[in-house]
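Peer 1: Have a look at this one before I ask anything.
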Amino acid sequence: MLLELNQLIVPAGHQLLIKNISWSTYKHILAELGENRSSRISYSQGVLEIMAPLPEHEVGKKIIGNLVEILLEELDIEFWSLGSTTFDEEKMDAGVEPDDCFYIQNEAAVRGKDRIDLTIDPPPDLAIEIDITSRTRFNNYEVLGVPELWRWRGNKLEINILINGKYVTTNNSLAFPNLPIAQVIPEYLQRSKAEGRNAAMKAFRAWIREQL
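Mind the numbering: the sequence shown is residues 1 to 212 in UniProt numbering, read in order.
If you want it as structure tokens, here you go:
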């Protein structure tokens, strides 16, 4: 590349798009940036996106991830949380790093694995994105075949289910079909801001137990 990566400055809350990036260059950029970085990377058909999240973005991701973990624990469902792991596949010419992701239905297929290879392993069952503004990232989840994508829009949780290769917005979660997830996740995220994280998590656990 003519431009060195350390010359790029992406302000928090903004995205940088770079066109005409080959797959090999995309993989080189991933390696050069390393795993210990705050930016998120997405790649689709030659377009590379670098996104720098805002602090509230990180708060939303953490709290929603905590709520999902509590749900799975209380429902006694085994899961494998892989956070912002990079998922990509050369044949599909796509790569994405979710804000958070979980193996749930396919947990046993990846249990204990240090690396996920989408040529032989399934994609995560649930991915979570905070304030998506880029269709590139959204389309990548479709291409990679992630069955369920949650999109947090600041005060609303949008649940997308993959049907015939395209996402359809619904009120019902595949992972938690009998619970009003689209309503309760925003409620307890807001409660964490008003009452504190621990108080909200305890109240959420109590709510789940009432539903069982």
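The beta carbon of each residue, even a glycine, is placed where N, CA and C say it ideally should be. Model, not experiment: these values are computed from the prediction.
Please report how far the alpha carbon of Asn155 lies from the alpha carbon of Gln190, in whole angstroms.
Peer 2: Along the sequence shown, read from residue 1 onward, the residue named residue 155 stands at position 155. Along the sequence shown, read from residue 1 onward, the residue named residue 190 stands at position 190. Going from the Cα of Asn155 to the Cα of Gln190 covers about 8 Å.
Peer 1: Taking DSSP as the reference, what is the three-state secondary structure of Ser84?
Peer 2: As a first step, residue 84 is located in the sequence shown; it is residue number 84 there, counting from the start. Looking at Ser84 - three-state DSSP - the assignment turns out to be coil, as it is neither helix nor strand.
Peer 1: Mind reading off the beta-carbon distance from Gly95 to Ser173? Whole number of angstroms is fine, and I expect it under 8 Å.
Peer 2: On the sequence shown, position 95 is the one that residue 95 refers to. On the sequence shown, position 173 is the one that residue 173 refers to. Actually they do not touch by this definition, with Cβ atoms about 25 Å apart.
Peer 1: Out of Ala206, Thr169, Gly145, state which residue places its alpha-carbon closest to the alpha-carbon of Ala182.
Peer 2: Residue numbering aside, residue 182 sits at position 182 when the sequence shown is read from its first letter. Comparing Cα-Cα distances from Ala182 to each of Ala206, Thr169, Gly145, the minimum goes to Thr169.
Peer 1: Rounded to whole angstroms, how far is the Cβ of Trp207 from the Cβ of Ile64, which I believe are closer than 8 Å?
Peer 2: Residue numbering aside, residue 207 sits at position 207 when the sequence shown is read from its first letter. Residue numbering aside, residue 64 sits at position 64 when the sequence shown is read from its first letter. Contact doesn't hold; Cβ gap of about 15 Å is too wide.
Peer 1: Note down, in chain order, each residue of its chain lying with its Cβ closer than 7 Å to the Cβ of Asp125, except the 5 sequence neighbours on either side.
Peer 2: Mapped onto the sequence shown, residue 125 falls at position 125. Counting only Cβ-Cβ distances below 7 Å, and skipping sequence neighbours, we find Phe102, Tyr103, Ile104, Gln105, Asn106, Pro147, Glu148, Ala175.
Peer 1: To which residues of the same chain is Ala200 closer than 6 Å at the C-beta, ignoring the five residues directly before and after it?
Peer 2: Counted from its first residue, the sequence shown places residue 200 at position 200. Closer than 6 Å at Cβ, skipping near neighbours: Tyr188, Arg191, Ser192.
Peer 1: Smallest Cα separation from Lys27: which of Asp88, Val110, Phe79, Ala203?
Peer 2: Translated into positions along the sequence shown, residue 27 becomes position 27. The shortest Cα separation from Lys27 among Asp88, Val110, Phe79, Ala203 belongs to Asp88.
Peer 1: Would you mind reading off the limits of the alpha helix (DSSP H) that contains Leu33?
Peer 2: Here the question's residue 33 lines up with position 33 in the sequence shown. From DSSP, the alpha helix (DSSP H) with Leu33 extends over 23-33.
Peer 1: Do you know how far the Cα of Val47 is from the Cα of Lys19?
Peer 2: Translated into positions along the sequence shown, residue 19 becomes position 19. Translated into positions along the sequence shown, residue 47 becomes position 47. Straight-line Cα distance between these residues: approximately 5 Å.
Peer 1: Quick check on the burial criterion: 16 or more other C-beta atoms within 10 angstroms. Buried or exposed for Leu157?
Peer 2: By one-based count along the sequence shown, residue 157 stands at place 157. Burial call: buried.
Peer 1: Assuming Gly145 contacts Pro177 under a Cβ cut-off of 8 Å, what Cβ separation, rounded to an integer in Å, is found between them?
Peer 2: The residue labelled residue 145 in the question sits at position 145 within the sequence shown. The residue labelled residue 177 in the question sits at position 177 within the sequence shown. That pair is no contact at about 20 Å.
Peer 1: Apply the 10 Å Cβ neighbour rule to Glu58 and answer buried if 16 or more other Cβ atoms are within range, or exposed otherwise.
Peer 2: In the sequence shown, residue 58 corresponds to position 58, counting from 1. Exposed, by the Cβ-count rule.
Peer 1: Which same chain residues end up closer than 7 Å to Glu74 when comparing Cβ atoms and leaving out the 5 residues on each side of it in sequence?
Peer 2: Stepping through the sequence shown from its first residue, residue 74 is reached at position 74. Counting only Cβ-Cβ distances below 7 Å, and skipping sequence neighbours, we find Arg205, Ile208, Arg209.
Peer 1: Can you tell which of Ile130, Ala108, Ile128 has the C-alpha that lies nearest to the C-alpha of Asp121?
Peer 2: As a working mapping, residue 121 is identified with position 121 in the sequence shown. For the residues Ile130, Ala108, Ile128, the minimum Cα distance to Asp121 belongs to Ala108.
Peer 1: Beta-carbon within less than 6 Å of Phe79's beta-carbon, same chain only, minus the 5 sequence neighbours each way: which residues are those?
Peer 2: Taking the first residue of the sequence shown as 1, we reach residue 79 at position 79. The answer, listed in chain order, is Leu72, Phe102, Ile104, Glu107.
Peer 1: In whole angstroms, what separates the C-alpha of Gly34 from that of Arg40?
Peer 2: For this step, residue 34 is matched to residue 34 along the sequence shown. For this step, residue 40 is matched to residue 40 along the sequence shown. When rounded, the distance between both Cα atoms is 11 Å.
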